[in-house]
Amino acid sequence: MAAAPTTPRPDRGEARPATSFVAPGVWVVAALAAVGGALSGAEPTGWVVSDVAWTAGFALVVALAAARARRWTWLVLAGVAATAAQGPALVAVSLVALAVAFAAAALDRRTRPYQPLIGAFVGALAVQALLRLHDIEPTGATALIAAAATVPVLVSGLRRSSPRARNAWGWGIAAFVVVALVAGAGLAVAGFSAQPDLSAGINQARNGFDAAREGEGAVAARRFTRAAASFGTAHDTLTAPWALPARLVPVLGQQAAAVQIMSDEGATLASSAAAAATDADIDELRFTDGAIDLELVASFEQPLRDAEAALEDAADAVERVQSPWLVAPLADRVAKFDDEVDGALPDAQIAIQGVELAPALLGGEGERHYFLAFLTPSENRSLGGFMGSFGELTAVDGDLELTRSGSIEDVELPARANGATLTGPEEFLARYSQFRTAEYMGDAGISPDMPTVGQVL
Numbered sequence: 220m221a222a223a224p225t226t227p228r229p230d231r232g233e234a235r236p237a238t239s240f241v242a243p244g245v246w247v248v249a250a251l252a253a254v255g256g257a258l259s260g261a262e263p264t265g266w267v268v269s270d271v272a273w274t275a276g277f278a279l280v281v282a283l284a285a286a287r288a289r290r291w292t293w294l295v296l297a298g299v300a301a302t303a304a305q306g307p308a309l310v311a312v313s314l315v316a317l318a319v320a321f322a323a324a325a326l327d328r329r330t331r332p333y334q335p336l337i338g339a340f341v342g343a344l345a346v347q348a349l350l351r352l353h354d355i356e357p358t359g360a361t362a363l364i365a366a367a368a369t370v371p372v373l374v375s376g377l378r379r380s381s382p383r384a385r386n387a388w389g390w391g392i393a394a395f396v397v398v399a400l401v402a403g404a405g406l407a408v409a410g411f412s413a414q415p416d417l418s419a420g421i422n423q424a425r426n427g428f429d430a431a432r433e434g435e436g437a438v439a440a441r442r443f444t445r446a447a448a449s450f451g452t453a454h455d456t457l458t459a460p461w462a463l464p465a466r467l468v469p470v471l472g473q474q475a476a477a478v479q480i481m482s483d484e485g486a487t488l489a490s491s492a493a494a495a496a497t498d499a500d501i502d503e504l505r506f507t508d509g510a511i512d513l514e515l516v517a518s519f520e521q522p523l524r525d526a527e528a529a530l531e532d533a534a535d536a537v538e539r540v541q542s543p544w545l546v547a548p549l550a551d552r553v554a555k556f557d558d559e560v561d562g563a564l565p566d567a568q569i570a571i572q573g574v575e576l577a578p579a580l581l582g583g584e585g586e587r588h589y590f591l592a593f594l595t596p597s598e599n600r601s602l603g604g605f606m607g608s609f610g611e612l613t614a615v616d617g618d619l620e621l622t623r624s625g626s627i628e629d630v631e632l633p634a635r636a637n638g639a640t641l642t643g644p645e646e647f648l649a650r651y652s653q654f655r656t657a658e659y660m661g662d663a664g665i666s667p668d669m670p671t672v673g674q675v676l
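Going by this note's numbering, the first residue of the sequence shown is number 220, and it counts up by one from there.
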């Protein structure tokens, strides 16, 4: 009896080419996810080298874990990412990941051979949105959101990995915990040791700024010099070998960066302030026989500009180390340092303006004349009193001389006799012309605005 014809069974080896690209494709997608993670700008440690390594590694691990994880975890990952994503582009990326996850779940049998590649794709897209979360209150909310989205994928992927892979991950996690504990202990020891020097540096710098505002240049220079030494010693302690590993650990890295950068900036700032207080010592600025040395005044500009640059660098450093992850005591110290810098920077800028303008104001660029109004509170006026006397001050190359003075009537009487008219800002004329200020110049101070009164006089 002839055998019935049978349909030849397909060779199992013939199906392999259709899915042979899946495994290498997973690694390609994971590598692209790592590149995107490295470019995310997330700062888990506050040190750019470590931040790039952590963000790239996190994105790589999520993509690889998603390649092995169960499909329901893809929905959690992509769903949380789509809900929390910030910005149209990241929302769109997250929605694509969510749509792919839904399609894979709906077309289970058809997509099963490609599940690893699909999972890696979903994980790679979703993690980009999670790494770019920012400005969400309270502190730590972004980390909690990322954890809620990725933990199911990571756990599922780990459970479905080979025993060897699970053991490797276990040892890796244990090693990280040990490194974090050792790094934390090293930073704690360094911070405790540097505390006295940091406190001394802050107090000495504050006292130096106070002395500078009082015009005590020599005292300010000594205090700033001591502050620079204290900050320098603290920085050496905080950058000791046992304190440096903390820069590699998330969250702990921000604390290490703050104390190391701020101590260094404190030393630089105090040194610049000491140099400015020494080279631009106001104590040396004296009138001798009615004259002031304009060359000495001009020599103050560069030291003051150096101090301004140091203050601006310190302000930039404060901005760099600011982080919601800073612990309260350290955050308070950073805030106080910021306040000191913010208070000193305007003083330096005003001093520079004064040095720039002084030569011209004091006759260094040609003879200058100034009208002096002597006010007496015996008759009340808005500016401070009745102007009963006047003077004329002449400045030539820093030499100041009172070339004329007398009663205000010496000006008023000739003005009346010659029919002088009053000129000035329209608002002043409209409001105060009724008081006949042109005839009675002693009443010019009736306006409380000094620039306006100056134009009228």
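Each residue gets a CB set at the ideal place from its N, CA and C atoms; glycine is no exception.
**Prompt:** Mind pulling the alpha helix (DSSP H) runs of 4 or more residues that sit fully within the segment 514-602?
**Reply:** Within the segment 514-602, the complete alpha helix (DSSP H) runs of at least 4 residues are 520-540, 547-580.
**Message:** Assess contact between the segment 495-513 and the segment 460-479, defined as three or more Cβ pairs (one per stretch) separated by less than 8 Å. Is contact present?
**Reply:** With the rule of 3 Cβ pairs closer than 8 Å, the segment 495-513 does not count as touching the segment 460-479.
**Message:** Does Thr274 come out as helix, strand or coil in the three-state DSSP assignment?
**Reply:** The DSSP-derived three-state label of Thr274 is helix.
**Request:** Mind checking which residues open and close the beta strand (DSSP E) that includes Phe609?
**Result:** Element bounds for Phe609: 605-615.
**Asked** Do you know offhand how far Leu344's Cα is from Ala250's?
**Response** Within the model, the alpha-carbon separation for Leu344 versus Ala250 is close to 12 Å.
**Request:** Please classify Val397: is it buried, with 16 or more other beta-carbons within 10 angstroms of its beta-carbon, or exposed?
**Result:** Exposed: under 16 other Cβ atoms inside 10 Å.
**Item:** Opening and closing residue of the beta strand (DSSP E) in which Asp618 lies
**Value:** Counting along the chain, the unbroken beta strand (DSSP E) around Asp618 starts and ends at 618-626.
**Message:** What does the alpha-carbon distance come out to for the pair Phe443 and Thr507?
**Reply:** Take the alpha-carbon of Phe443 and the one of Thr507: they are about 29 Å apart.
**Asked** Is the beta carbon of Leu296 sitting closer than 8 Å to the one on Ala368?
**Response** Less than 8 Å separates the beta-carbon of Leu296 from that of Ala368.
**DSSP-derived helix/strand/coil call for Ala253** = Assignment of Ala253 by DSSP, reduced to helix, strand and coil, places it in the helix class.
**Item:** Among Asn426, Asp618, Ser418, Gly427, nearest to Gly451 - alpha-carbon criterion
**Value:** Per the Cα distances, Ser418.
**Request:** Return the residue from the list Gly376, Gly306, Arg383, Trp390 that minimises the CA-CA distance to Asp354.
**Result:** The shortest Cα separation from Asp354 among Gly376, Gly306, Arg383, Trp390 belongs to Gly306.
**Prompt:** Do Ala592 and Phe609 have their CB atoms nearer than 8 Å?
**Reply:** The answer is yes: Cβ separation under 8 Å.
**Message:** Considering only heavy atoms of the ligand HEM, does any lie closer than 7 Å to the CB of Ala663?
**Reply:** No copy of the ligand HEM appears in this structure; indeed no ligand is present at all.
**Item:** Three-way DSSP call (helix, strand, coil) for Thr458 in this model
**Value:** DSSP, read as helix, strand or coil, puts Thr458 in coil.
**Prompt:** By Cβ distance, which residues of its chain are closer than 8 Å to Ala275, with the 5 residues on each side in sequence left out?
**Reply:** Closer than 8 Å at the Cβ level, and outside the excluded window around Ala275, lie Ala253, Val254, Gly256, Ala257.
**Asked** How is the alpha helix (DSSP H) around Met669 delimited, first residue to last?
**Response** Met669 -> alpha helix (DSSP H) spans 669-675.
**Asked** Does the segment 488-503 touch the segment 522-529, meaning 3 or more C-beta pairs lie closer than 8 Å?
**Response** Contact between the segment 522-529 and the segment 488-503 is present: three or more C-beta pairs spanning the two stretches fall below 8 Å.
**Prompt:** Starting from Gly338 and walking both ways along the alpha helix (DSSP H), at which residues does that stretch end?
**Reply:** Taken as a continuous stretch (DSSP letters only), the alpha helix (DSSP H) holding Gly338 covers 334-350.
**Request:** Using only alpha-carbon positions, find the residue among Gln423, Gln473, Trp273, Arg385 that is nearest to Gly403.
**Result:** Checked all of Gln423, Gln473, Trp273, Arg385; the closest Cα to Gly403 is Gln473.
**Message:** For Ile421, report the span of its alpha helix (DSSP H) as first-last.
**Reply:** Boundaries of the alpha helix (DSSP H) around Ile421: 382-432.
**Candidates Ala316, Asp616, Ser624: closest to Gly607 by CA position** = Looking at the Cα atoms, Ser624 is the closest of the given residues.
**Message:** Rounding to the nearest angstrom, what Cα-Cα distance links Ala447 and Ser490 in this structure?
**Reply:** Straight-line Cα distance between these residues: approximately 6 Å.
**Asked** For the alpha helix (DSSP H) that Ile480 lies in, which residues bound it at each end?
**Response** Looking at the DSSP string, the run of the alpha helix (DSSP H) that includes Ile480 is 471-498.
**Nonlocal neighbours in the same chain, by C-beta distance under 7 Å from Pro644, ignoring five residues either side** = Scanning its chain for C-beta atoms nearer than 7 Å, with the 5 sequence neighbours on each side dropped, one finds around Pro644 the residues Thr671, Gln674, in chain order.
**Message:** Taking only three categories from DSSP, how would you classify Thr361?
**Reply:** Thr361 falls in the helix class under three-state DSSP.
**Prompt:** DSSP on Thr656, reduced to helix/strand/coil?
**Reply:** For Thr656, the three-state secondary structure derived from DSSP is coil.
**Message:** Ile627 and Met660 - do their beta-carbons sit closer together than 8 Å?
**Reply:** For the pair Met660 and Ile627, the CB atoms are nearer than the 8 Å cut-off.
**Request:** Out of Glu575, Val438, Arg445, Gly573, state which residue places its alpha-carbon closest to the alpha-carbon of Ile421.
**Result:** With distances taken between Cα atoms, Ile421 lies closest to Arg445.
**Asked** For the putative contact between Gly376 and Arg287, defined by C-beta atoms under 8 Å, what is the C-beta separation to the nearest angstrom?
**Response** Contact between Gly376 and Arg287 holds, with the beta-carbon distance rounding to 4 Å and staying under 8 Å.
**Asked** Alpha carbon to alpha carbon, what distance is there between Leu457 and Ser666?
**Response** C-alpha separation (whole angstroms): 58 Å.
**Residues bridged to Thr507 (per DSSP)** = DSSP output for Thr507 lists Ala510 as bridge partner(s).
**Request:** Return the CA-CA distance between Pro565 and Ala303, expressed in angstroms with no decimal places.
**Result:** Taking the straight line joining both Cα atoms gives about 41 Å.
**Prompt:** Per DSSP, what kind of secondary structure is Thr369 in: helix, strand or coil?
**Reply:** In the structure shown, Thr369 sits in a helix (DSSP, three-state: H, G or I).
**Request:** Please confirm whether Glu677 and Thr595 have their CB atoms less than 8 Å apart.
**Result:** Residue 677 lies beyond the range of the chain shown here (220 to 676); nothing can be said about it.
**Asked** Got a sec, what are the start and stop residues for the alpha helix (DSSP H) Val315 sits in?
**Response** Start and end: 307-325.
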